[in-house]
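According to the numbering used here, the sequence shown is numbered sequentially starting from 30. We put the beta carbon where it would ideally sit given N, CA and C, even for glycine. What follows is a short report on a single structure.
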Amino acid sequence: MEREKGSHLVIVDGETLTPEKVFDVAVNFAPVKLSQKAISRMKKSRELVEKWVQTDETIYGVTTGFGDFATVRIEKDKIEKLQQNLIYSHSAGAGEALPPEVVRAMMLLRANALAKGYSGVRVETVEMLINFLNHYITPIIPSQGSVGSSGDLVQLAHLALAMMGEGDVWVGKDVDPSNLKRMKSTTALKKFGLKPLKLSAKEGLALINGTQMMTAYACLIVKQAKELCKIADIAASLSIEALKGTDRAFDERIHKLRPYPGQQKVARNILRMMKNSEIRLSHLYDDPRVQDAYSLRCVPQIHGASRDAIDYVYNVVSIEINSATDNPLIFPEDKIHLEGGNFHGQPIALAMDFIAIALSEIANVSERRIERLVNAQLSGLPKFLTTQGGLNSGLMIAQYTAASLVSENKVLSHPASVDSIPTSANQEDHNSMGSIAAQKAYRVLKNVQTVLAIEIMCAAQGIDFARVDSKTGKLMKCGVGTQAAYEFVREKIKHLDEDRILYNDILKALEIVKSGEIIKVVEKAIGEELE
């Protein structure tokens, strides 16, 4: 995850948010502003709520209790106390704190959902969320406790708690907690001239009834996953060069006969990058191999399937982040409130399980290419990519690390959404577990980044040997795109001529992956964007 400079203003209007904008606010600290249309919509729904309170209208969570207490009527003079009690009682999380970028994404997403104007909250309540973002105030929220239906109640309650001037927050323009200042929420509010939020009718419920924690993770994951797909293609192309693989398997005629969009994109990407490869030409006519192993030959089919899955998830997330996930919902035009279940996290739960599997497969096949690179019997390269085997172990243990990560991913890819457990005396008798699915998927994403980093590192080492012409001793070049990628890697990580601390090299390779700069380098070389 790499921060970018020059982030643009993000308008919160309930309709036009994208995963990229969420990432920009969460990680790059883009400023945020509430739209005038959103303000107008919120005022209309708020007027109705205040009218209904005065006329003793029966509204769930406004003039009644919550969950199994929905049949309990609340007296008018206790309506504000009800909302405060809701936040206190639901601030029941456990575990380590959520990453700051996830909390920032949560705040933006909740503001956007409320800005649609169907929740009946005051404008100043949403403005408080905007102020937290623009002043870099990040509530410290425990990561465990959500079952993913009635939304992420626990985490959003802890968020509301900070808005009320209670609990702890981080302050600072960074997503690394070690670089942030921890303080009491009330202290942070005073520091920036803000007053603690006093909840009014329905506002506590409106702040916590939604899928914003799981969807925050989803936005960060899917945005980075789409970029990771391009890096996976680059890594695979480098490995194909190092292993002296053929590019025949990427011929467009093959992929037109099975026209999955992702598969075709990957095949085109690899052909563009390998174009004019001197290494490929060196074994074009006298290679006894008829075809390559699946981990090379089937890259379009494997990477492509993951791409198509990620595109599906992107569409799901794009719908969710511009949806009203509250209950009840207020419809000003019809002057009616309706109780429903838009808070249920099932769409995101399924999507997060799906993307975890899709990302895991990218790492699985990457690790198989790493094994081929370090296995002399499969690669024709020096054992473990070192010329002084025995005295040196080369990149032997880098493959161990990759194997460990992909095995961990297999456990993490077991779906959370197939589980459910009833809550609130069986009134809430099906829960999505979407928050668990999202947190697992985030961990999978980070593991995949590291596996691809190791592949890039190993492939560059392999190319160091493969580019030496066995007949003339001259140094050959890779394809136009792979050569640019190879040179970029070598600028960051030098050739491993004798054993050194590989952890440092892996960190450098991981930075290459996270920054995404290698994508720009390749695109500049091939003269067009990777798909």
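- Cβ atoms of I547 and I339 stay farther apart than 8 Å, at about 19 Å.
- DSSP lists G180 as the beta-bridge partner residues of G239.
- According to the DSSP secondary-structure assignment, I166 is paired through a beta bridge with V200.
- The beta carbon of G194 sits closer than 7 Å to the beta carbons of S214, T215, L218 and P225 from its chain, once the five residues preceding and following it are set aside; these are given in chain order.
- A Cβ-Cβ separation of about 23 Å leaves A144 out of contact with V183 under the 8 Å criterion.
- Inclusion of N371 and D355 in the CB contact set at 8 Å is warranted, their separation being smaller than that value.
- Per DSSP, the continuous alpha helix (DSSP H) segment holding E400 begins and ends at Q375 to V403.
- DSSP places L367 inside the beta strand (DSSP E), whose first and last residues are I365 to L367.
- Of the residues assessed, A405 falls on the exposed side of the cut-off, its CB having fewer than 16 other CB atoms within 10 angstroms.
- Straight through space, the alpha carbons of M242 and V345 are spaced by roughly 15 Å.
- Burial is judged here by how many other beta carbons sit within 10 angstroms of a residue's own beta carbon; L257 has at least 16 and is buried.
- Rounded to the nearest whole angstrom, the C-alpha separation of D493 and V342 is 38 Å.
- Of the residues G463, D276 and D448, the one whose Cα lies closest to the Cα of H373 is G463.
- An exposed status is given to A123, since fewer than 16 other beta-carbon atoms sit within 10 Å of its beta-carbon.
- Between A59 and D42, the CB-CB gap reaches or exceeds 8 Å.
- In this chain, the alpha helix (DSSP H) harbouring V440 covers M425 to L441.
- Residue nearest to V198 within the set G177, K220 and S178 is K220 (criterion: CA-CA distance).
- In the structure shown, A126 falls within a strand segment according to DSSP collapsed to helix, strand and coil.
- A Cβ-Cβ separation of about 30 Å leaves A392 out of contact with N305 under the 8 Å criterion.
- In the three-state scheme derived from DSSP, where H, G and I count as helix and E and B as strand, N344 is classed as helix.
- With respect to S64, I40 sits close: the two C-beta atoms are nearer than 8 Å.
- Cβ-Cβ distances below 6 Å link Q375 to S461 in the same chain, with the five nearest sequence neighbours on each side left out; the list follows chain order.
- Straight-line spacing of the CA atoms in L474 and H332 works out to 15 Å.
- Rounded to the nearest angstrom, the gap between the Cα atoms of K469 and A189 is 25 Å.
- An exposed status is given to H443, since fewer than 16 other beta-carbon atoms sit within 10 Å of its beta-carbon.
- By the Cβ-count criterion, G149 is buried, with 16 or more other Cβ atoms from all chains shown falling within 10 Å of its own Cβ.
- Inter-segment contact for the region 309 to 327 and the region 265 to 282 is present: three or more beta-carbon pairs are separated by less than 8 Å.
- Three or more Cβ pairs drawn from the region 163 to 182 and the region 199 to 209 lie within less than 8 Å of each other, which places the two stretches in contact.
- Pairing S352 with A142, the inter-Cα distance amounts to about 6 Å.
- Secondary-structure assignment with DSSP links N421 through a beta bridge to G418.
- With 16 or more other Cβ atoms from the protein chains shown falling within 10 Å of its own Cβ, R336 counts as buried.
- Per the coordinates, the alpha-carbon of S446 lies some 11 Å from the alpha-carbon of H459.
- The beta-carbon distance between G510 and A554, rounded to whole angstroms, is 5 Å. This is short enough to meet the 8 Å contact definition.
- When DSSP states are grouped into helix, strand and coil, E349 belongs to the helix group.
- Taking C-beta separations shorter than 6 Å and ignoring five residues to either side along the sequence, the partners of R397 in its chain run S324, following chain order.
- In this structure, the beta-carbon distance from M486 to I522 falls below 8 Å.
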